[in-house]
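Have a look at the structure below, then the notes.
There are 2 protein chains.
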Amino acid sequence: MKQIESIKEFGGWLNRYQHESASCRCTMTFSVYLPPKAENGKVPVVYWLSGLTCTDDNMRTKAGAQRYASELGIALVMPDTSPRGDNVPDASERYDLGQGAGFYVNATQEPWVRHFQMYDYVSQELPALIEAELPVIAGRKSITGHSMGGHGALICALREEGAYRSVSAFAPICHPTVCGWGEGCFSAYLGTDREAWQAYDATELVKAGAAEIPLLIDQGTSDEFLGDQLYPQDLAAACRRRGFPLTLRMQEGYDHSYHFIATFIGEHLVYHAKALRE
Amino acid sequence: MKQIESIKEFGGWLNRYQHESASCRCTMTFSVYLPPKAENGKVPVVYWLSGLTCTDDNMRTKAGAQRYASELGIALVMPDTSPRGDNVPDASERYDLGQGAGFYVNATQEPWVRHFQMYDYVSQELPALIEAELPVIAGRKSITGHSMGGHGALICALREEGAYRSVSAFAPICHPTVCGWGEGCFSAYLGTDREAWQAYDATELVKAGAAEIPLLIDQGTSDEFLGDQLYPQDLAAACRRRGFPLTLRMQEGYDHSYHFIATFIGEHLVYHAKALRE
Chain C
0 MKQIESIKEF GGWLNRYQHE SASCRCTMTF SVYLPPKAEN GKVPVVYWLS GLTCTDDNMR
60 TKAGAQRYAS ELGIALVMPD TSPRGDNVPD ASERYDLGQG AGFYVNATQE PWVRHFQMYD
120 YVSQELPALI EAELPVIAGR KSITGHSMGG HGALICALRE EGAYRSVSAF APICHPTVCG
180 WGEGCFSAYL GTDREAWQAY DATELVKAGA AEIPLLIDQG TSDEFLGDQL YPQDLAAACR
240 RRGFPLTLRM QEGYDHSYHF IATFIGEHLV YHAKALRE
Chain X
0 MKQIESIKEF GGWLNRYQHE SASCRCTMTF SVYLPPKAEN GKVPVVYWLS GLTCTDDNMR
60 TKAGAQRYAS ELGIALVMPD TSPRGDNVPD ASERYDLGQG AGFYVNATQE PWVRHFQMYD
120 YVSQELPALI EAELPVIAGR KSITGHSMGG HGALICALRE EGAYRSVSAF APICHPTVCG
180 WGEGCFSAYL GTDREAWQAY DATELVKAGA AEIPLLIDQG TSDEFLGDQL YPQDLAAACR
240 RRGFPLTLRM QEGYDHSYHF IATFIGEHLV YHAKALRE
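So the sequences go chain by chain: C and X. Using numbering that gives the first Met the number 0, read the first sequence as starting at 0 and increasing by one per residue. Using numbering that gives the first Met the number 0, read the second sequence as starting at 0 and increasing by one per residue.
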């Protein structure tokens, strides 16, 4: 792991790293914000998973999250959204498949299977690397994300029992097996067997008996993708049916942009910081 | 003036407008953040002037300023950095001249003179438009900015006696008549008569007897442009010589980026909000 950039912000350091990923078989780039507190000891970590088309840069530039991470004494880890590079398959005419659209699954189909192992990357390889190389408390981690990354955060927390102290999501794709974005990526990465898709679908994981962890979700009512792609009502129904703990906050008038994330990221980080202290 | 976008953020509204500018003789785009308080009455305004290459989008996306504006009950006005359009002259091979680099002066030279009247635009036309069309308190305004925009903020406050309640700047170009960026733009826009340049140079305006207004400046010590372009030491010397009130804070380890601005914009907006209340 090589540090390629370091920018001072809110008294801490916003660093960018590159490493050779074993899961994705390519050079991966990610950013980490280390709060001032990390200079004198280890801190807990919040992982942020970004949405379609994003790199590690969107969150660090647009959300204003580093202010809260500085105040709360937590590190923020911001990975890329897919493997990258000239040797990595892509669907260059599409924003919602291939590079920038890894969907946080382990692909099983050609031509994606060799590199698109983003589930293993974000849930296993990256945390192990971070805990080995940076001043963070091993195992003391939470996860959140936006849109495709909100989906990623939810499935990581629902599949990896006990791995995360807390989970939250901004406008997540709650039921990817029934929406256009999810169907497009799942059919490409996972093939035509829809049974296999359910292992990466928050609503289906709740239905199938995932261990309980409280889910905190903020969703704007003016989100342009709410009707077609996100389906929080499906996740809410699945949670209601089995008494699974969900706090779904419909935020009046907010859209799908980083301005929505900026508005509520402070509350989410306070929520995670509390879980990470306990 | 036509509203072309409206995004909810921190309970208020981040709006984008277009209008036909009389000063710049083209369609100009700007953004305004209106805090929740503006729904029930008029609020004071802070003008933000951006740096080279920026549009109205950089500040609204990258600085996290809307959070503070929401809490403090102040509007933020974010203009573009130059006239724009196919009919507007440009130096397309250069980032530091022409479109995106108006330098907040009134050009007197061909081919710039017809459109590049950014000083009049930001100090006269835009405030008059804002006060006529939006829920702001007439005349209750402050100004700040970054780099070329920090220069712009300083010269507006030093030239327009009594027009601004307060002024501050992030890594401003303090002595443009002696730095490469300033010499490039001033010679193009204002011609070879260096006397004429001094009317747009903060250090020279202080030397020439500008009316007192306290200047608040934050400057990162790791700013990559500090040695060659910014010259805060020249402004500090001019202020010292006549007892002009300057608070120049050298911020250890910070660079020239929006991460630096994000770190200190809250303190600047609190400073302006206090002056705007008095």
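For each residue, glycine too, the CB sits at the ideal point set by N, CA and C.
For the stretch 26-38 of chain X, the beta-carbon criterion of a distance under 7 Å to any beta-carbon of chain C is satisfied by none of its residues. With fewer than 16 other beta carbons inside 10 angstroms of its own, Val269/C counts as exposed. Per DSSP, Gln2/X is not a residue of any alpha helix (DSSP H); the beta strand (DSSP E) it occupies stretches across 1-8. By the beta-carbon neighbour count (other beta carbons within 10 angstroms, threshold 16), Thr60/X is buried. Chain-ordered, the chain C residues with CB closer than 9 Å to the CB of Glu8/X read Tyr253, Ser256, His258, Phe259, Ala261, Thr262.
Here the stretch 44-56 of chain X makes no contact with the stretch 44-59 of chain C; the two share fewer than three CB pairs at distances below 8 Å. Between Lys41/X and Ile136/X, the beta carbon gap of about 5 Å places them in contact (Cβ cut-off 8 Å).
Nearest CB-CB separation between Arg248/C and chain X: not below the 8 Å threshold. Only residues of its own chain outside the window of five on either side were considered, and among them Ile216, Pro231, Ala235 have a CB closer than 6 Å to the CB of Leu247/X, listed in chain order. Chain X places a beta carbon closer than 8 Å to that of Thr60/C, counting this residue as a contact. Taking 8 Å as the CB threshold, Leu13/C lines the interface with chain X. In the structure shown, the three-state DSSP call for Trp111/X is coil.
Taking the Cα of Met249/X as reference, the smallest distance to any Cα among Phe259/X, Glu160/X, Phe243/X is reached at Phe259/X. Counting only runs of at least 3 residues, the stretch 126-214 of chain X fully encloses the following beta strand (DSSP E) elements, listed from N- to C-terminal order: 135-144, 166-169. Taking C-alpha positions only, Ala261/X is separated from Ser146/C by approximately 25 Å. Using a C-beta cut-off of 8 Å, the stretch 222-231 of chain C makes contact with the stretch 169-188 of chain C, since at least three inter-stretch Cβ pairs fall below that distance. Against Gly50/X, chain C offers no close residue; the least beta-carbon distance is about 16 Å (beta-carbon pairs closer than 9 Å). Between Gly226/X and chain C, the shortest Cβ-Cβ separation is not below 8 Å. At a cut-off of 8 Å between beta carbons, Gly63/C contacts chain X.
The beta carbon of Ser69/X is closer than 7 Å to those of Phe9, Gly10, Gly11, Pro34, Pro35 in its chain, skipping five residues each way along the sequence.
At a cut-off of 8 Å between C-beta atoms, Arg66/X counts as an interface residue with respect to chain C. The stretch 179-194 of chain X makes no contact with the stretch 202-210 of chain X, as fewer than three CB pairs between them are under 8 Å. Within the same chain, Cβ atoms closer than 8 Å to the Cβ of Val121/C are found at Tyr46, Leu48, Pro78, Tyr103, Gly151, Cys155, the five residues on either side in sequence being excluded. Residue burial is scored here from C-beta neighbours: Asp192/X has fewer than 16 other C-beta atoms within 10 angstroms and is therefore classed as exposed. As the crow flies, the alpha-carbon of Ile3/C is around 38 Å from that of Asp85/X.
Excluding residues up to 5 positions away in sequence, Thr176, Glu203, Leu204, Ala207 lie with their Cβ nearer than 8 Å to the Cβ of Gln197/C in the same chain. When secondary structure is reduced to three states using DSSP, Tyr257/X falls in the helix class. Across the set Ala90/X, Ile212/X, Leu133/X, the C-alpha of Ile212/X shows the shortest separation from the C-alpha of Arg241/X. The beta strand (DSSP E) runs lying completely inside the stretch 18-60 of chain C and spanning 3 residues or more are 25-33, 42-48, given in chain order.
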